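Heads up, the sequence shown is in numbering that gives the first Met the number 0, so the first residue is 0 and it goes up one at a time.
The structure appears below as structure tokens.
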Amino acid sequence: MREQDLIYLKKGEKVTQSGGLSLIEGYIECTTSGRLICFIGPGNIFITSDKLNFKNSIVYKAKCDVILLETSDIASNNSFDAEKKWNDYILTQIFTKFEILYFPAKERFLNILFQIANDIGDQIASDCHVPKILVQRELAEYANCTREYLSIIRKELISDGWITDSKQLVLLDWKRWKRKFGTNI
Numbered sequence: 000m001r002e003q004d005l006i007y008l009k010k011g012e013k014v015t016q017s018g019g020l021s022l023i024e025g026y027i028e029c030t031t032s033g034r035l036i037c038f039i040g041p042g043n044i045f046i047t048s049d050k051l052n053f054k055n056s057i058v059y060k061a062k063c064d065v066i067l068l069e070t071s072d073i074a075s076n077n078s079f080d081a082e083k084k085w086n087d088y089i090l091t092q093i094f095t096k097f098e099i100l101y102f103p104a105k106e107r108f109l110n111i112l113f114q115i116a117n118d119i120g121d122q123i124a125s126d127c128h129v130p131k132i133l134v135q136r137e138l139a140e141y142a143n144c145t146r147e148y149l150s151i152i153r154k155e156l157i158s159d160g161w162i163t164d165s166k167q168l169v170l171l172d173w174k175r176w177k178r179k180f181g182t183n184i
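Structural data, given as structure tokens:
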């Protein structure tokens, strides 16, 4: 790994490079029109491309300080296949988000929680812990509801044993989450 291949972003900065990038440290939020597509965590490779990114409609933004590595491997080895696979993944995520817009708010929130935990959560024992990079306002935006209503939903989920009553987002019994939502995302 060469220093000149590293890209440093501060929280809130957007990825402007095109090509293959490997996330070394931090978390990237991928959105379109302000709507969540996915999160990218350390160790993941993603591709920014003008082919899918019509007029910069897909935004990759650092959720904390981030270190990226430009990966020439993707450019030289099977770049077309890697780019197609990534673009297919992004399109699938967009269509999935479109489908869940018609769900009741609680179901939307459950689906969003599952996706976030699936993308960047750490499984510890039987639970899944989500990094502390999100605030309630953002979660409400992702679920397309108000913060006040999200607070009510959150209390229900705590009462029903889906999440813990703590500052950190912890999804209880991760196997149950995967059984219920694993096919949706």
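Ideal Cβ placement from N, Cα and C applies to all residues, glycine included.
Just so you know, these numbers come straight off a predicted model, no measurement behind them.
Return the CA-CA distance between residue i and residue j, expressed in angstroms with no decimal places.
i, j, result
"R153", "V58", "28 Å"
"I162", "E2", "41 Å"
"I184", "Y148", "Unreliable placement is indicated for I184, whose pLDDT of 45 sits below 50; the coordinate value is still reported in the next sentence. Rounded to whole angstroms, I184 to Y148 spans 24 Å at the Cα level."
"K60", "D118", "15 Å"
"L90", "K84", "10 Å"
"Y141", "F180", "17 Å"
"S158", "N143", "22 Å"
"D80", "L68", "20 Å"
"L138", "Q167", "13 Å"
"L5", "I23", "9 Å"
"K131", "I99", "24 Å"
"G160", "L133", "21 Å"
"N86", "D172", "32 Å"
"P103", "F97", "13 Å"
Quickly, what does DSSP pair residue i with across the bridge? List them, please.
i, result
"A61", "I27"
"Q3", "Q3 pairs with nothing; no bridge assigned."
"I46", "G19"
"V134", "In the DSSP output, where bridge partners are listed per residue, V134 has none listed."
"L90", "Answer by DSSP bridge pairing: none, since L90 is not bridged."
"C144", "C144 pairs with nothing; no bridge assigned."
"R175", "Partner(s): none; R175 has no beta bridge."
"L68", "L5, S21"
"K13", "K60"
"D126", "I123"
"F38", "E28"
"L170", "C127, I162"
On a CA-only basis, which of the options is nearest residue i? Give me that one, please.
i, options, result
"F108", "K13, I119, A81, R146", "R146"
"G19", "I44, C29, E28", "I44"
"I66", "L112, L170, K10", "K10"
"Q135", "G120, S165, G160, D121", "S165"
"S17", "Q92, I46, D64", "I46"
"C29", "L5, I93, I23", "I93"
"I151", "D4, K105, D121, A116", "K105"
"S56", "T15, G40, L133", "T15"
"G42", "P103, D172, D121", "D121"
"F113", "K13, L156, D64, D87", "L156"
"D64", "K13, Y101, G160", "K13"
On the premise that residue j lies in contact with residue i, defined as a C-beta separation below 8 Å, what is that separation, rounded to the nearest angstrom?
i, j, result
"E82", "S48", "6 Å"
"I111", "L170", "Not quite, the Cβ-Cβ distance comes to about 12 Å (not below 8 Å), so this is no contact."
"Y26", "K62", "4 Å"
"T70", "S21", "5 Å"
"F38", "I123", "Their Cβ separation, rounded to whole angstroms, is 18 Å, which puts F38 and I123 out of contact at 8 Å."
Could you confirm whether any beta carbon from chain B is found closer than 8 Å to the beta carbon of residue i?
i, result
"T30", "The displayed structure is made up of one protein chain only, and chain B is not part of it."
**OP:** Mind the definition here: the segment 124 to 134 touches the segment 169 to 182 only if three or more C-beta pairs lie below 8 Å; say whether that holds.
**Re:** yes
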